[in-house]
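**Q**
Numbering (my numbering), first residue to last: 22 to 531.
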């Protein structure tokens with residue numbers, strides 16, 4: 022119990038460091054160039070408290086439950102000698118987990134002319150199919166970069182055939198379907214699958230599941246765009262909260278709690294059911310281990326309910342309102358640098374980013390530190406949000422950014438260590454989580470409405486931009502890592518030669 026309290030305190034400090042900068046930025050803006058109503062500001066602040074507490078519980082729950090569950094299921098799956106069984110279970114895992122991902126429900130409501138159920142089932146089938154591809158790649162040691170190059174080439178080829186309204190939403194879908202519920206489990210699944218290989222490339226191949234699973238939704242929405250033709254999209258603006266007193270303010274959140282209690286229960290149930298089936302048939306873990314996982318699941322559930330309620334009820338209206346006010350200024354170009362500053366800090370608050378950074382540091386034995394990963398992700402997201410706000414103000418088509426961006430990312434994959442490529446493409450899906458959907462997307466939508474732009478073609482695409490730029494910044498980190506390794510290898514013979522010139526006494530003194 023004392024150990025858990027200590028770890029909760031550590032997670033609270035981490036959550037405060039992640040969210041307080043965002044609170045500070047919004048407060049500075051609201052008291053200077055972007056005044057907001059008291060209702061919006063108080064709703065945002067109360068939402069921030071829930072986000073902090075929710076992130077604290079989620080981080081601990083992911084360590085105690087989601088990661089061990091994924092590793093055990095992945096390890097047992099990789100021991101199966103029947104390839105058909107592996108393919109079937111992998112597809113079922115991807116399909117079921119995606120159907121229960123809450124962010125997908127939001128996306129489905131925004132896509133015009135496609136029935137919600139059709140879109141959800143198609144995207145889930147895409148994730149399931151590419152989870153199979155990802156696991157087979159790991160089991161057979163197939164290089165990731167060529168697979169990514171072929172799949173993204175197919176995606177961009179389809180992008181020129183579908184209505185432009187589908188392009189931004191299709192690339193957005195790749196980010197929202199890899200949310201906080203699925204990322205910890207799928208990443209741990211990869212670790213479990215590669216754990217029994219024992220070869221020197223196993224650690225490199227343990228990453229890459231998220232990157233391939235993110236392509237499935239993109240291709241699925243593109244294919245649907247060929248069938249369901251549309252000329253324009255639908256958009257529902259975030260409602261601005263109106264509360265005259267503290268009781269009405271709290272009632273806004275009380276209305277949201279039941280929805281997220283239900284959504285998170287539905288989201289967790291398939292993962293728990295699949296793990297339960299593995300426990301009964303294969304794993305047979307001890308009672309103590311099961312109790313620990315159940316406690317971790319409770320933390321995960323509570324954390325996500327609090328986090329998503331705070332983000333969607335408190336952050337979403339504030340983002341939309343700020344975007345509208347900033348874009349209405351005579352000097353609305355300020356939206357670009359402000360968006361970059363917000364993007365730099367907001368990725369630190371994404372719950373799944375913590376899981377990725379910690380797992381990268383553990384699997385690389387500290388060679389790639391969590392701090393270096395966090396800085397690289399923050400820089401990437403800052404650039405992406407700045408470009409997204411530029412798109413909102415100018416209406417530049419998103420393909421003008423995505424094609425050169427992915428071309429650069431795939432080009433870098435030819436010169437950096439393989440593990441950096443896998444981590445980079447995973448990080449794109451992880452960085453574009455609920456905080457992006459709940460704050461950055463409404464910020465862009467509010468700004469786009471203020472300048473009279475097309476919401477679907479100009480504002481949508483923020484998630485896609487956030488998913489793209491970390492691919493470049495993480496691989497640039499890999500370039501520096503390779504250069505540093507080469508300089509150390511070059512320096513080593515010189516040091517040995519210098520030591521040989523010293524006598525024994527001098528060496529002892531050193």
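Positions of the beta carbon are idealized from the N, C-alpha and C atoms, including for glycine.
Is residue 421 helix, strand or coil when you go by DSSP?
**A** Reading the chain shown from its first residue, position 400 is the one you call residue 421. In the structure shown, residue 421 sits in a helix (DSSP, three-state: H, G or I).
**Q** Please confirm whether residue 426 and residue 489 have their CB atoms less than 8 Å apart.
**A** Walking along the chain shown from the start, residue 426 turns up at place 405. Walking along the chain shown from the start, residue 489 turns up at place 468. Yes, the Cβ-Cβ distance between residue 426 and residue 489 is below 8 Å.
**Q** Shortest alpha-carbon distance to residue 306 belongs to which of 89, 75, 113?
**A** Here residue 306 refers to the residue found at position 285 of the chain shown. Nearest of 89, 75, 113 to residue 306, Cα basis: 89.
**Q** Skipping 5 residues on each side, what residues in its chain have a beta carbon closer than 7 Å to that of residue 110?
**A** Numbered from 1 along the chain shown, position 89 holds the residue referred to as residue 110. Closer than 7 Å at the Cβ level, and outside the excluded window around residue 110, lie 98.
**Q** Is it a yes or a no for the stretch 397 to 406 touching the stretch 359 to 373, going by three-plus beta-carbon pairs under 8 Å?
**A** The answer is yes - the stretch 359 to 373 touches the stretch 397 to 406, with three or more Cβ pairs under 8 Å.
**Q** Which runs of the alpha helix (DSSP H) at least 4 residues long sit entirely within the stretch 165 to 201? Give them in chain order.
**A** DSSP runs (the alpha helix (DSSP H)) wholly in the stretch 165 to 201: 165 to 180, 185 to 197.
**Q** Between residue 329 and residue 418, which are expected to be in contact by the criterion C-beta below 8 Å, what is the C-beta distance as a whole number of angstroms?
**A** Working through the chain shown from its first residue, we reach residue 329 at position 308. Working through the chain shown from its first residue, we reach residue 418 at position 397. Wrong, their Cβ atoms sit about 32 Å apart, outside the cutoff.
**Q** So, helix, strand or coil for residue 350, using DSSP?
**A** The count along the chain shown starts at 1 and reaches residue 350 at position 329. DSSP places residue 350 in coil when its eight states are reduced to three.
**Q** Leaving out five residues on either side along the sequence, give the residues of the same chain with a beta carbon under 6 Å from the beta carbon of residue 153.
**A** Here residue 153 is taken as the residue at index 132 of the chain shown, counted from 1. Correct list, in chain order: 108, 111, 112.
**Q** Using beta-carbon positions only, say whether residue 238 and residue 195 come within less than 8 Å of one another.
**A** For the purposes of this step, residue 238 is identified with residue 217 of the chain shown, where counting begins at 1. For the purposes of this step, residue 195 is identified with residue 174 of the chain shown, where counting begins at 1. It is a contact, given that the beta carbons lie within the stated cut-off.
**Q** Just reading off the alpha helix (DSSP H) that residue 138 is part of, what are its end residues?
**A** Position 117 of the chain shown, counted from the first residue, corresponds to residue 138. From DSSP, the alpha helix (DSSP H) with residue 138 extends over 137 to 161.
**Q** Can you tell me the Cα-Cα spacing of residue 82 and residue 101, whole angstroms?
**A** Taking the chain shown and counting its residues from 1, one reaches residue 82 at position 61. Taking the chain shown and counting its residues from 1, one reaches residue 101 at position 80. Cα to Cα, the separation comes out at about 28 Å.
**Q** For residue 548, which of 190, 118, 240, 270 has the nearest alpha-carbon?
**A** The displayed coordinates of the chain run from 22 to 531. Any statement about residue 548 would go beyond what the structure contains.
**Q** State the DSSP-derived secondary structure class of residue 252, mapped to helix, strand or coil.
**A** Stepping through the chain shown from its first residue, residue 252 is reached at position 231. Residue confidence for residue 252 is low, a pLDDT of 47 falling below 50, so the modelled location carries little weight; the figure read from the coordinates is stated next. Coil.
**Q** Give a yes or no on whether the C-beta atoms belonging to residue 174 and residue 241 are separated by under 8 Å.
**A** Stepping through the chain shown from its first residue, residue 174 is reached at position 153. Stepping through the chain shown from its first residue, residue 241 is reached at position 220. No, these two residues do not count as a Cβ contact at 8 Å.
**Q** Answer yes if the stretch 65 to 80 comes into contact with the stretch 314 to 325, meaning at least three C-beta pairs across the two stretches below 8 Å, and no otherwise.
**A** Because the criterion of three Cβ pairs below 8 Å is met, the stretch 314 to 325 and the stretch 65 to 80 touch.
**Q** By Cβ distance below 7 Å, which residues in the same chain neighbour residue 382 in space, the five residues on each side in sequence not counted?
**A** Residue 382 sits at position 361 when you count from the first residue of the chain shown. The residues are 389, 390, 391.
**Q** Would you call the stretch 440 to 448 in contact with the stretch 486 to 502, where contact means no fewer than 3 C-beta pairs closer than 8 Å?
**A** The stretch 440 to 448 is in contact with the stretch 486 to 502.
**Q** Taking just the CA atoms, how far does residue 500 sit from residue 436?
**A** Translated into positions along the chain shown, residue 436 becomes position 415. Translated into positions along the chain shown, residue 500 becomes position 479. Roughly 8 Å separates the two Cα atoms.
**Q** Assuming residue 92 contacts residue 248 (C-beta within less than 8 Å), just tell me the rounded distance between them.
**A** Mapped onto the chain shown, residue 92 falls at position 71. Mapped onto the chain shown, residue 248 falls at position 227. No, residue 92 and residue 248 are not in contact; Cβ-Cβ is about 39 Å, not under 8 Å.
**Q** With burial defined as no fewer than 16 other Cβ atoms inside 10 Å of the residue's Cβ, what is the status of residue 7: buried or exposed?
**A** The structure shown does not extend to residue 7, since the chain spans only 22 to 531, so no value can be given for it.
**Q** Mapping DSSP to helix, strand and coil, what is residue 391?
**A** In the chain shown, counting from the first residue as 1, residue 391 sits at position 370. Helix.
**Q** Taking only runs that begin and end inside the stretch 83 to 108, name each unbroken alpha helix (DSSP H) of 4 or more residues, in chain order.
**A** Counting only runs of 4 or more, we get 88 to 99.
**Q** For residue 386, name the three-state secondary structure that DSSP assigns.
**A** Counting from one through the chain shown, the residue named residue 386 turns up at place 365. Coil.
**Q** With contact counted as at least three CB pairs below 8 Å, one residue from each stretch, are the stretch 55 to 65 and the stretch 260 to 275 in contact?
**A** Contact between the stretch 55 to 65 and the stretch 260 to 275 is present, because at least three Cβ pairs lie under 8 Å.
**Q** For residue 161, count the other beta carbons within 10 Å of its own beta carbon; 16 or more makes it buried, fewer makes it exposed. Which is it?
**A** Translated into positions along the chain shown, residue 161 becomes position 140. Exposed is the call here.
**Q** Answer yes or no: the CB of residue 119 versus the heavy atoms of the ligand NAP, is any distance below 7 Å?
**A** Summarising the ligand content, the structure contains no ligands, and the ligand NAP is consequently not present.
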